[in-house]
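*Asks:*
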Amino acid sequence: MPEITLTQAPAHIRMGSSIGQPLTRREGVLKTTGAARFAADNHPPGMVYAALAVSSIARGRVTALNVAAAMAHPGVIEVMTPKNAPKLALDPDAKNNPFMFRLDLLQNDRVRYANQPIAVVVADTLEAATEGVALLEPQYEAEPARTGLDSDDSFAPAAVGAGSPAEESHGDITAGLAAASVRMEAVYDTPAQYHNAMEPHAIVAAWDGDTLSIDTPSQGMAMAQARIAGLFGIAPEGIHIRSPFLGGGFGSKGLFSGPQVLGIMAARLVGRPVKLVLRREQMFGPVGHRAPTRQTLRMGADGQGALTALSHHTKTASSTFDDFFEPAANASHALYASPAIATSHEVVRIDTGTPLFMRAPGEAPGSAALESAIDEMALACGMDPLAFRLKNYAEMEPISGKPFSSKALRQCYEQGAERFGWAKRPQAPRQMQDEAGMLVGWGMGTAVFPALMFQGQARAMLRQDGTGVVETGAHDMGQGAWTALAQIAADSLGLDLDRIEFRSGTSDLPDAGIAGGSAHTATVGTAIHGAGADVIGKLADLAMDDERSPLFGAGNAGVIARGGRLHRRDDDGRSESYADILARAGLAEIEGRGTGAIDPAAQAAYAMHAHGAVFAEVKVDPDFGQVRVTRLVGAFAAGTVVNPRMVRSQYYGGMIWGVSFALHEHAVMDKRSGRLMNPNLAEYYVPVNADVPSIEAILVEERDIHVNALGIKGVGEIGVTGTAGAIANAVWHATGVRVRSFPITLDQLLDA
Amino acid sequence: MSLSITLTINGAERAITLDDPRITLLDLLRERLDLTGTKKGCDRGQCGACTVLVDGRRVNSCLTLALSHDGADILTIEGVAQGATAGEPLHPVQAAFIAHDGFQCGFCTPGQIMSAIGMIQEGQAGNDPERVREAMSGNLCRCGAYVGITEAVLDAQRSMAETEAASGRRNAA
């Protein structure tokens, strides 16, 4: 039996073709009735509660913990500290591959960032565990914290992001700038940001000998299994992870985090199942964030507004003990044609938790700076911002010279501009006011995100009754995997959606890789497509080789799978049902497998990206500088749309993250202590409903025959790009003030 | 101090003996009564994921002690349309959230739905999307499903008003 049963009967099914239909979410009833069981909703028999104690200093060591006081509190079972924490089979500071990040797991008393775990209290109740933490009263030997981007001892990393070169170039920047008749140089700052999924990281862990059962949200169950297996010296097959629903991920649940491991260690220490849930403020430290950046853009253009040089340099911060470098400058690789492009990165180390992948890593801050700079350059050239972007439209990928596998960006510009009414925009700033006297401004930005694929597997089966089963350990963090992948699964087997069972969300299913990089649907969808095709191929062989079948001898003409039957391709009237073929062959079922991965030949030949154009209207209070986004129109082209309802929601969500980037999010570090001063949802601003205006997302048609068999690009992250810049540009258009430090706050507009 | 209280939860009266006076209403529901539909997002009243109705009022259940509600009537997401997972009809707000894709990950959704039901019952927002957005702004959604949420609330409000009007006509006849 599958562990998750979805009860919602899908709507709008069209016979034989589920892909492209706007089905509602198959887990919709579970999620709207409270029946969807997220990790922290589990409560195995005998379970006890763990609460995390975290450091209030950013650098130094813990010299004392009042363990006796905590232990004396009624209900407290154990206090896990470096003195009694289970020893691990692998040093948590070991780095055997670039995706293995160093973890703080109570193996010593060292503190390397504020909010680092320093102890775990386990108790019969959550209240007792929480009180136990308060009683620990940690004492520290603190050292001065290193903070901020200003430090001089920066270095050039070898690689940035997920292994991209830190420096890339083509053409001669110096010559390009020298030849330019218009030049600009500007510096843009973006702050540290924290993912803040609504669901805090949580784990319910239960040991049985050397096997381990875990409920935890994961964007990559197989990677998590491998990480846990390494740390505890147990077999990955003995680790069963259930992650049917993530309460949001945004990258923060891609790599198994330290607190999740601590929950497993606590369960081992006390010999009982343990639940550990991070408190909101503890999400600001040990589970990753987006690093701050300071980006320098330099551009030159000739008298007609054609770029002659584009240089993008990023200074960013990482932790003192690990390597993740926000690849923001790489946002300039794929968008605007220029005979010379140079991108580079430098890093300072500060006392912070290690920054990691956060929705559109690199692209989000990089796009905010690049799109602002392009707007400034358009102004310097005396051109409309859209006309300037079209003038510098890239017909080949600028950094590599490769042709695009597909690129409907022109259509995005056209349809978005038309819908928004861009043609009526006055070129000069401060030209528009509404009836209430608010300054009105219009701005735009281009969106781009690479069409990535990782590795994923799927298994498909046809059963004797003609129904199908498709299995893959995919992850649904809200993007709609339960629905979109099931749609692909139904089509892959030529069955209606209600004739297949789609199993997902647990680690005992085929490895679906990682839900990140906007690549999950493309990767796992391709794997499912292949698994279905494998089954149908075997079934067709059975029928075509059997002279009792109406399909006998179809041979080269082949067959088509549709509605639970195979049809002769050259004679649709000759067909046979799956059930009949299987029954005659005496088979209970046929199984097939598929793999999803990028085609290396296609990747070598083509540049693959999704594109979009975002148009924003803002209103700015002329007295107080308060900015409201009042209208957003995005037009995006990302290949095949599996489910337009869910794709539109992804674009909306991404664009709202763009609003958030432009106007809200800002983790403020105390320069004296290295502590964050706003680690909560009241002071770390994210948009609320009233911040979100009228939003439209236009799904621009695009077919791509190179990216993968289904033509799918990703949609999860692209909406963040383009939007932040569009809003910054609209703020300039409303006020005449160019704010180069994100988020754009009213104090920066008061002199307007 | 007596740690025994009586609560009516989702229509059923329950005598509850608390093992600790510090238990919030949220932790009572989640950790002791297996009503885990109500979510904990911040435990500080900043995100709204824990919203339930107490005597018809929207309350952040993380910010209130269970002991202080002796005799209260509590409605949680599980009580909104009991039997819905077994095929019984959904509440109009739940159905509208599905139809308008008013959620992605679903973690904030129970709180959103309870806020919406409370707001509609209070007659707070009428048909004005701006007022709906404002009234729903105590419930954060990090996925950014606000467009669908606003549409869903307006749609549910309309369909509930129509149903009420129709039943009013029937009663009058």
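Order-wise, the sequence lines are chains U and V.
Just so you know, we're using my numbering here: the first sequence kicks off at 1 and counts up by one.
Just so you know, we're using my numbering here: the second sequence kicks off at 1 and counts up by one.
We treat Cβ as the ideally placed atom computed from N, Cα and C, and that holds for glycine.
A quick note: this is a predicted structure, and the numbers were derived from the prediction, not measured.
Does any residue of chain C bring its CB to less than 8 Å from the CB of K31(U)?
*Replies:* No chain C is part of this structure, whose protein chains are labelled U and V.
*Asks:* Pull up the CB-CB distance for A145(U) and D351(U), whole angstroms please, since I reckon it's below 8 Å.
*Replies:* Correct: roughly 5 Å between the Cβ atoms.
*Asks:* Residues in its own chain within less than 8 Å of A9(U) by CB, not counting five upstream and five downstream?
*Replies:* Residue confidence is low: A9(U) scores 42 on pLDDT, short of 50, so the model does not pin down where it sits. Its coordinate-derived value is still stated next. Contacts found: D498.
*Asks:* Are any of the Cβ atoms in chain V nearer than 8 Å to that of H43(U)?
*Replies:* Judged by the 8 Å Cβ criterion, H43(U) is in contact with chain V.
*Asks:* DSSP state of I149(V), grouped into three classes?
*Replies:* DSSP places I149(V) in helix when its eight states are reduced to three.
*Asks:* With distances taken Cα to Cα, identify the nearest neighbour of S332(U) among M80(U), P44(U), F325(U), T314(U).
*Replies:* Cα-wise, what sits closest to S332(U) is T314(U).
*Asks:* From the DSSP output, in three-state form, read off V287(U) for me.
*Replies:* Of the three classes helix, strand and coil, the one that applies to V287(U) here is coil, per DSSP.
*Asks:* Return the chain-ordered ranges of every beta strand (DSSP E) run that is complete within the stretch 154-211 of chain U and spans a minimum of 3 residues.
*Replies:* Counting only runs of 3 or more, we get 168-170, 182-190, 202-208.
*Asks:* From S68(V) to I500(U), what distance separates their C-alpha atoms?
*Replies:* The alpha-carbon atoms of S68(V) and I500(U) are separated by roughly 50 Å.
*Asks:* Going along chain U in order, which residues have a C-beta closer than 7 Å to the C-beta of R14(V)?
*Replies:* Near R14(V) there are no residues of chain U at all, since even the closest Cβ is about 17 Å away, more than 7 Å.
*Asks:* Taking DSSP's pairing of strands, which residues face R133(V) in a bridge?
*Replies:* Answer is none; R133(V) lacks a bridge partner.
*Asks:* Please list the partners that E134(V) has in chain U, where partner means a Cβ-to-Cβ separation under 7 Å.
*Replies:* What E134(V) touches in chain U: A690.
*Asks:* To the nearest angstrom, how far is the alpha carbon of I9(V) from that of G75(U)?
*Replies:* Cα-Cα distance, rounded: 27 Å.
*Asks:* What did DSSP end up calling S61(V) once you bin it into helix, strand or coil?
*Replies:* In the structure shown, S61(V) sits in a helix (DSSP, three-state: H, G or I).
*Asks:* Output needed in chain order: residues of the stretch 628-662 of chain U with a Cβ under 9 Å from some Cβ in chain V.
*Replies:* Residues passing the 9 Å Cβ filter: R645, M646, R648, S649, Q650, Y652, G653, G654, M655, I656, W657, V659, S660.
*Asks:* Apart from the five residues just before and just after A588(U), which ones in its own chain have a Cβ nearer than 8 Å to its Cβ?
*Replies:* Answer for A588(U): R463, Q464, L582, listed in chain order.
*Asks:* In chain U, which residues lie with their C-beta within 7 Å of the C-beta of R158(V)?
*Replies:* Going along chain U, no residue has its Cβ under 7 Å from R158(V), so there is no contact; the nearest lies around 18 Å.
*Asks:* In angstroms with no decimal places, state the Cα-to-Cα distance between G285(U) and M669(U).
*Replies:* In a straight line, the C-alpha of G285(U) is about 12 Å away from that of M669(U).
*Asks:* Starting from the beta carbon of A66(V), find every residue of chain U whose beta carbon is closer than 9 Å, and list them in chain order.
*Replies:* In chain order: nothing, as chain U lies at least about 11 Å away.
*Asks:* Taking its Cβ as the centre, do 16 or more other Cβ atoms sit within 10 Å of K275(U), making it buried, or is it exposed?
*Replies:* It counts as buried.
*Asks:* Taking the alpha helix (DSSP H) that I656(U) belongs to, which residues open and close that run?
*Replies:* Here the alpha helix (DSSP H) through I656(U) covers 644-663.
*Asks:* Could you confirm whether any beta carbon from chain U is found closer than 8 Å to the beta carbon of T38(V)?
*Replies:* Interface residue, yes.
*Asks:* Indicate whether at least one CB of chain V lies closer than 8 Å to the CB of A726(U).
*Replies:* A726(U) does not count as touching chain V.
*Asks:* Please state if the CB of H520(U) and the CB of A481(U) are separated by a distance shorter than 8 Å.
*Replies:* Yes, the pair counts as a contact, with Cβ atoms nearer than the cut-off.
*Asks:* Hey, would you say T640(U) sits closer than 8 Å to I712(U), going by beta carbons?
*Replies:* Cβ distance < 8 Å, so T640(U) and I712(U) count as in contact.
*Asks:* I need the DSSP call for G247(U), collapsed to helix, strand or coil.
*Replies:* Here G247(U) sits in coil by DSSP.
*Asks:* What is the DSSP secondary structure of L154(V), reduced to helix, strand or coil?
*Replies:* Three-state result, L154(V): helix.
*Asks:* Note down, in chain order, all residues in the stretch 476-500 of chain U with a beta-carbon under 9 Å from any beta-carbon belonging to chain V.
*Replies:* Answer in chain order: D476, M477, G478, Q479, G480.
*Asks:* Based on the DSSP secondary-structure assignment, which residues constitute the bridge partners of A635(U)?
*Replies:* Beta-bridge pairing links A635(U) to A613(U), I698(U).
*Asks:* Can you pull the chain V residues whose beta carbon is under 7 Å from the beta carbon of A129(U), in chain order?
*Replies:* Within chain V, no residue comes near A129(U); the closest Cβ sits about 11 Å away, beyond 7 Å.
*Asks:* Residues of the stretch 190-201 of chain U with a CB closer than 9 Å to any CB of chain V: list them in chain order, please.
*Replies:* If the cut-off is 9 Å between Cβ atoms, the stretch 190-201 of chain U has H195, N196, A197, M198, E199, P200 near chain V.
*Asks:* Can you say whether A51(U) is buried or exposed, counting buried as having 16 or more other CB atoms within 10 angstroms of its CB?
*Replies:* So A51(U) ends up on the buried side.
*Asks:* Give a yes or no on whether the minimum CB-CB distance between G106(V) and chain U is below 8 Å.
*Replies:* Taking Cβ atoms only, chain U reaches closer than 8 Å to G106(V), which makes this a yes.
*Asks:* So, is K39(V) buried or exposed, given that buried needs 16 or more other C-beta atoms within 10 angstroms?
*Replies:* K39(V) comes out buried.
*Asks:* If we count the other Cβ atoms within 10 Å of its Cβ and call it buried at 16 or more, is I214(U) buried or exposed?
*Replies:* The residue is buried, with at least 16 neighbouring Cβ atoms inside 10 Å.
*Asks:* So which residues on chain V does N556(U) lean against when the C-beta distance must stay under 7 Å?
*Replies:* Under the 7 Å cutoff, chain V gives no residues; its nearest Cβ is about 45 Å from N556(U).
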